[in-house]
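Asker: Residue numbers (our numbering), protein chains in the order written: chain X, 0 to 336; chain U, 48 to 389; chain E, 47 to 411; chain C, 672 to 1169.
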Amino acid sequence: MNGGVKRIISQNVRESCLLAVIFVLAVAVNIRSGGNFLTARNLSDMFVETSILAILTMGMMSVIITGGIDLSVGSTMALAGMVGTSVLRDSMNEAGQGISPILIIALAVGIGMLAGLLNGILISWFHVLPIIATLGTMNIYRGVTYLVSGGSWVLQQNMTTSFMAVATGKLLGINNLIWIALVVFAVNFYFLGYARTGRKIYAVGNSLESAAVSGINTKRTITLTYVIAGAMAGLAGILYVCKYAASQGETATGYELNVIASCVLGGVSVSGGSGKVHGAILGAILFGMLNNALPLLKISPFWQEAIRGLIILASIVVNAIVSRRSTRKVLERRAIA
Amino acid sequence: MSKLQTNVMAHRSLQNERPFSTKRFFLQWEWMLVLLFIIINVINTFLSPNYLVFDSIMSAIQMFCDKAILVFPMMLVILVGDIDISVASIMALSAVIMGVGYNAGLPMGAAILLALCVGGACGFVNGILLVKFKELSPMIVTLVGQIVFRGIASIILEDGAAGSFPSWFQYLGWGYVGRIPFILIVVLIEAVIFLYAIHFTRFGRNVYAMGNNETTARYSGIKTDRIRLFIYVLMGIFAGIAAIFLASKMGSVRPSVAKGYEMDVIAMVVLGGVSNNGGKGRVIGVVIATFIVGLLRYGLGIVNVPSQTIMIIVGVLLIVAVIIPNLKSTLGGYRWFQKLMR
Amino acid sequence: MKKFISLAMVLILSLTIFAGCGGGSSTPAQSSGAAAPAADSSTAAGSSTADSATAGDRVYALVAKDVNNPYMKKAYEGFEAACQELGVTALYKGPDQATPEKQIEIINQLVAQNVALIAVAANDYDALEPALKSAMDKGIQVVSLDSAVNANSRKLHINQADPEKIGRVLVQAAYEMVDGNGGMAILSATAQASNQNLWIEWMQKELEENSDKYKDTPLVKIVYGDDEPTKSTNETQALLMDENVKVIIAPTTVGMLAAGKYLQDNNSEVKLTGLGLPSEMAPFIEDGTCPWMYLWNPVDLGFLAAYAGDALVTAGITGAAGDTFTAGRMGEMAIVDAPGGGTEVLLGDPFKFEPENIAEWKAIY
Amino acid sequence: MELKNIDKIFPGVKALDNVSFQLAKGEIHAIMGENGAGKSTFIKVITGVHEPDAGEIFLNGDPVRFKTPKDAQRHSIAAIYQHGTIYPQLSITENIFIGHEEVAGPLKSICWNALHQKAEGLLKDLSCDLDPRTLVGGITVAEQQIVEIAKAISQQAKILIMDEPTASLSRRECEDLYTVAEKLRDSGVSIIFISHRFEDMYRLAGRVTVLRDGKYIGTWGVDEISNKDLISAMVGREISQVYPERNRSVGDEVLRVESLCRMGYYRDISFGLKKGEILGFSGLVGAGRTDVMQGIFGIEQADSGKIFLEEKEVEIKRPLDAMNLGIGLLPEDRQRQGLVLDWEIYKNITLSDLTQFTKGNILQPKQERKKAKNLGEKMALKAPTVFEKASSLSGGNQQKVVVCKLLNTDLKVLILDEPTKGVDVGAKSQIYDIMDNLASQGYGIIMVSSDMPEILGMCDRIITMHEGKITGEFSGEEATQELLLKASMNIEEEEAVS
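(1) Along chain X, in chain order, which residues have C-beta atoms closer than 7 Å to that of S184 of chain U?
(2) Less than 8 Å between CB atoms is the rule here; does G1009 of chain C satisfy it with respect to chain U?
(3) Can you give me the C-alpha to C-alpha distance between G170 of chain U and A264 of chain U, rounded to a whole angstrom?
(4) Please work out which residues of its chain come closer than 6 Å, Cβ to Cβ, to D356 of chain E, disregarding the five sequence neighbours upstream and downstream, and give them in chain order.
(5) Using DSSP with H/G/I as helix, E/B as strand and the rest coil, what is A958 of chain C?
(6) Which residues in the same chain have their Cβ closer than 7 Å to the Cβ of L36 of chain U, if we skip the five residues on either side of it in sequence?
(7) Hey, out of U:A135, U:V369, U:R197, whose CA is closest to F301 of chain X's CA?
(8) So, under 8 Å CB-CB, R933 of chain C and D894 of chain C are touching, yes? Tell me the CB distance rounded to an integer number of Å.
(9) Starting from the beta carbon of N92 of chain X, find every residue of chain E whose beta carbon is closer than 7 Å, and list them in chain order.
(10) Hey, is L1155 of chain C's beta-carbon within less than 8 Å of any beta-carbon in chain U?
(11) Do S246 of chain X and W152 of chain X come within 8 Å of each other at the CB atom, strictly closer than that value?
(12) Determine the contact status of M282 of chain U and D113 of chain U, defining contact as a CB-CB distance below 8 Å.
(13) Mind listing the chain X neighbours of Y270 of chain E? Cutoff is C-beta to C-beta under 7 Å, in chain order.
(14) Measure the beta-carbon distance from A107 of chain E to V188 of chain E and round it to whole angstroms, keeping in mind my assumption that it falls under 8 Å.
(15) Would you tell me roughly how many angstroms separate the C-alpha atoms of R226 of chain U and S106 of chain U, rounded to the nearest one?
(16) Do the CB positions of E875 of chain C and A852 of chain C come within less than 8 Å of each other?
(17) List the residues of chain X that R197 of chain U touches, going by C-beta distances under 9 Å, in chain order.
(18) Report yes if the CB atom of L242 of chain U is closer than 8 Å to the CB atom of V330 of chain U, and no otherwise.
(19) Taking the straight line between their C-alpha atoms, what separation do you get for L264 of chain X and I175 of chain U?
(20) Tell me the rounded alpha-carbon separation between T196 of chain X and T220 of chain X.
(21) By Cβ distance, which residues of its chain are closer than 7 Å to A236 of chain E, with the 5 residues on each side in sequence left out?
(22) Would A136 of chain E and F125 of chain E be called neighbours here (beta carbons separated by less than 8 Å)?
(23) Should Q1027 of chain C be labelled buried (16 or more other beta-carbon atoms within 10 Å of its own) or exposed?
(24) Can you find the residues in the same chain that come closer than 8 Å, C-beta to C-beta, to E929 of chain C, ignoring five residues on each side of it along the sequence?
(25) Please report whether the beta-carbon of K17 of chain U lies at a distance below 8 Å from any beta-carbon of chain E.
(26) Let me know the alpha helix (DSSP H) ranges lying completely inside the segment 834–898 of chain C, each 4 residues or longer, listed in chain order.
(27) I'd like the list of long-range same chain contacts for N290 of chain E, defined as Cβ closer than 6 Å, with 5 residues on each side in sequence excluded.
(28) To the nearest angstrom, report how far apart E332 of chain E and K292 of chain E are at their CA atoms.
(29) Spell out the partners DSSP gives I978 of chain C in its beta bridges.
(30) For a test of the three-state rule: what should DSSP assign to R13 of chain X, helix, strand or coil?
(31) Note down, in chain order, every chain E residue with its Cβ under 9 Å from the Cβ of V100 of chain U.
(32) Which value, in whole angstroms, describes the spacing of the CA atoms of N92 of chain X and V300 of chain U?
(33) Would you please state the rounded distance, in angstroms, between the beta carbons of T282 of chain E and A305 of chain E? I believe it to be under 8 Å.
(34) Given that T145 of chain E touches chain U, what residues does it touch there, using C-beta distances under 9 Å?
(35) Is the beta carbon of L82 of chain U closer than 8 Å to that of A336 of chain U?
(36) In angstroms, rounded to a whole number, what distance separates the CA positions of I862 of chain C and T890 of chain C?
If you want it as structure tokens, here you go:
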């Protein structure tokens, strides 16, 4: 048993460290904030906030594993959210009844997938660099969102209570959003860890040529990752507008950077090929924690951004150093052999 | 096929001159840009009578020239195969420090110098991180830079604004030489300098080599690290310069200035035909592209196309510009495409 | 090869461009009914060019903080109505993001179209000065509304309500809501928003001047939600961690909405007041999360702006204190000196929205 | 399985010229040929990586077309590639089973424990006791080769292709491979076996097919054909003729290296190089020869050790230092390290030193082209103009361009890492002549090569390396394939070398 634990830790050094950091930070913040942090209310708030980020992170990580990047998730969120809620609004009757939330969510996810598909095609079939392609679509999707919205917002009174219940409702005393995030996490954990297709993503990220030679359809795999990212963005988008009961053109502007940041915090290597699902989720949690803790610590709003940035910087530099250490170990082993 | 033939009929003596071929001359991305440029202007003039007025064009140019200043160093960054998304934040930081410095009693000249130094320092930070930690991608490093630099700016100035610069300072952003905006002249001079540096010097050649194949460049004895560091510092300094002109344009500075500039700049460079895999593209192309984007925005604005639609158009333009050079490699396999080519 | 390429380029480009122009007028189609104003604006936009081209017809332009801000849309409704009465073309412009840089560009474009009037809701108090000045040099009248630009860069400011009144009345409201016992907190927009900061100053003044009255209702904290739902919610959350906070003042529609939603979801005891759109805030006023709040009528604000501008353009007033003009149904309006320098027209006192009247107003704006 | 007159054309070269080939069930069929004879391309056609431009493939009589590797896999054809297809950041198990992992349960989920055990088993058969959970990036080249083999075996293919599987294996590991291969053969698997090593062939193969310059030369039963005939079949002429006569006068020492070390790559490397001498470095792939050269050239600086140039100790931090001192390196992988592929020939040539072409900081393309022309013609570079893109040249000519690039700077020491890799025979002998020529001009030349005949044919002195250590030094006269092989294997295990 103990051995088993040892093995798990030895194979998840970075993740374990991350977990430790999170705990230490939590305690520290709690003390500094006079016990306001580790309260049931605040924790649940924090996790609800984080759950959306976590969902996006799950989507983004597979893109990053293939060595790509998706800057368009923020815009995709807005688009999916806006379309979903607009449909909902137009479907509402006087009694405040409308299409069932499930359908709306499905619709949003679908739109997200379409957006992702476009990205994927541009990148894998037309050989556009991910950053450029998604930079372009970022503008496009955002613009389309504005056009769809016609410049007006969809607000609480345009949403059915059943729809808003998605974000506010609880199951076993835990907010639905958290449940959804957990499900996404579980699925992704299975997909990237235990499904052939999932492993192919890693293969492609490790070495495109090798993957091609060993009969993996690289184009399809890459496209798939962007579709996944898009789908997650769609889901996150609709949940986002549902949570804040307001859907606007500028919903989630610049959100993509948070997502990328939490992937990086979670040790997903941006050069592609490696990154663990549980690592990424921890990264998201850590990032969410920062967002939640900094105001709690009564840190001047003007300091928060810089602090956030420095913490990310620190984490990636530490990551780099750690991995250098490990390669050095390998060399030593070789030297002895 | 054709290549095979050249090999077959190969002979011992090597030609080191080749006749000027109009075909080769006109088969260049730049000509398409020129074409595009003309089309846009035609369409604009045709859509709005207010478009083709010398002064209004000039003032339009004045509007996007502060971005144009960033375009050329960004071109260098992309040429070596990197990307820098922290420029906007560097601008904000150096602008803020300049403003604060001036309001703290520094002479304007010193404040300007300060801004340049700050910009250079930021660039140095990016560069040194990338050189020392080769495993980090430029995307991430400059992303962090983007967050941190603006963060520092907002620490310094909090919710305040700095400014009330001396009156002559406004000339930088708004002044005219005759009927030509001062800033346009600055940009053109800059363009000439970069043209020279990129196309006619050893430095330029080395940069292209790096962008095409960094390993080969290293094996050929090029100090790749030094060049990369230099380029990022340069990027930073020019961000500082842009910041100065922006400050003069806005008359006052806040930590929030120049948000989103980096994306526009990158778009201009890429449209200019600077390959996003590095190592390809020309200054002239970038110049044209800058004016295309700027005047397109202006033209559409002047016929009151809603700004969200303009977003879409620019986005599409960007992607199309990148796709077209790849078309051959993408569709080359398909019969119908090969037919089209004939 | 390349021939084909350039051909493709031409095609795609012209496509995008016409898509663009189409996009403008196709807006109403896509946002059926829900966004009537959008429809109006863009059609107006479409036509206006033609007019300003052919007849020397005047164009009055309203530059919004950003083009997707419903509050601004409301203002434009009034502005447009006024313009129709005046028989001039109304034009609605705004950047896709609320930044001064982009507003400068837009102002520049308007100058190029030689519109007669620019009414701007500024994203920055000073930054627009050079642009607006050059506009005025070209003989274009400039008024600011909602959030002002500095005195040198405007003929006249249309003040939705006396900032002093707003500041004081909000604090008094908060005081009543906690019956004189419990800390206050302010959830503002961006730290740069000029009008918010002005109101906050007045709130603080109110607190200082009768400090004995407010001794049990101290101002605990000022936070900034950057007019962004996520951040506003996070900040609200952080505020609630502090037991002293019993009431939140949110002088910004976005912040107020976010705060209201959060309080409602956690059915918290903390009260909320501030400046919000009735249509947005109705649910919270009805369920008592926000007992009452204030706002002026943005439609009237736009309406007044148009008439004031028109007076500058046609009636030959210079926007000096003491000038008067008639603003259609609103009757005679007088120009007074503004506290921050320059001159302004006052729309009137902030209007109080409470459970009794919210029902009727939420339908209107 | 049968292939009929297969053609494959790459820009600039006809890699396969109407090659035919039969493979019987349960036979081990060796394919032999020089570097660049088209063996690898041939394999890639069979495994569907390349589609043939002409010709057809039959499996058990019926024709098949392999568009993608997947098609080939569906017909249960598996291959070990010469340059392994490894995923450095994935575990050994994954590398072995990627693409065909066993899935179980309703979710079709991969059961790692089972896989790890299977992997362990496979490795055991190859008597290699690595933890299948370790990342492949962290094991030696030889170990990676073994993983490759395990991977191929794991696919339970009907047809198994091994491209140079023994290239970097020690004697014992080879023996294990042989036994495994025989086991497979007896179980009815057909194996195509590609190797430079004659004893591999004699030990395993039933028949041998020879390719030369992409052409099919012939197929013989192993016992029908003598070593000598085989070689001449491969080379096309008497082997001795390929190499220039060795009548160079060796001058005094130009380069000396003393106890050079880089942790994990090589240990106390010491040797000297004289003017006009060609010094050969022989050894298995991954023996650390390339690393040593890169150490000397300043690509990856050595941790410790001294380098003397003409008796003066020098410090080489980066390639530029080396080049300024007059040391030039022709890198192992010319496409990745030697050339800027979509640059014109002349730009490539002058890249190594542009200072001589600048007038007050401004480049003088005319002068560049002139120099390029001169060098190119000296090297008998086959190209119409100096404006051709490097990518459009054949392997041999590309290599010549890289050589020109070296000669563009004035050097004392030339380090040539696998100079004839993937170069057609004609160009090969030209390159040999060039080397001889340069040597007689007084250059000191180091030649790293895995191709024993060429080392034997060219070098005045030969140093062998194994696992980062120098294991032997022979004069050109005394050296034989046998000796070199022994030295390149671990000296300790001195069992029967047939």
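Backbone N, C-alpha and C fix where the C-beta goes; we use that ideal spot for every residue, glycine too. Every value quoted in this text rests on a predicted model; they were computed, and no experiment measured them.
Answerer: So, from the data block:
(1) V269, S270
(2) yes
(3) G170 of chain U and A264 of chain U have their C-alpha atoms roughly 23 Å apart.
(4) The residues are L132.
(5) coil
(6) Beyond the ends of chain U as shown, which are 48 and 389, falls residue 36 of chain U; an answer cannot be given.
(7) With distances taken between Cα atoms, F301 of chain X lies closest to U:R197.
(8) Contact flag wrong, Cβ pair sits at about 46 Å.
(9) Taking a Cβ-Cβ cut-off of 7 Å, N92 of chain X has no neighbours in chain E, whose nearest Cβ is about 15 Å from it.
(10) no
(11) yes
(12) no
(13) P300
(14) 10 Å between Cβ atoms; not a contact.
(15) 10 Å
(16) Here residue 875 of chain C is Leu; the residue named in the question, Glu, does not match the sequence. It is a contact, given that the beta carbons lie within the stated cut-off.
(17) E304, A305, G308
(18) yes
(19) Approximately 21 Å between the Cα atoms of the pair.
(20) 8 Å
(21) First, the amino acid is wrong: residue 236 of chain E is Thr here, not Ala. Same-chain partners within the cutoff: Y270, D272, D273.
(22) yes
(23) exposed
(24) S941, G976, K977, I978, F979
(25) There is no way to answer for residue 17 of chain U, as the model of chain U reaches only from 48 to 389.
(26) 842–857, 869–875
(27) G229, V266
(28) 19 Å
(29) C:V928, C:V985
(30) Looking at R13 of chain X - three-state DSSP - the assignment turns out to be helix.
(31) A158
(32) 49 Å
(33) 5 Å
(34) S303, V304, A305, K306, G307
(35) no
(36) A direct Cα-to-Cα measurement between I862 of chain C and T890 of chain C gives close to 15 Å.
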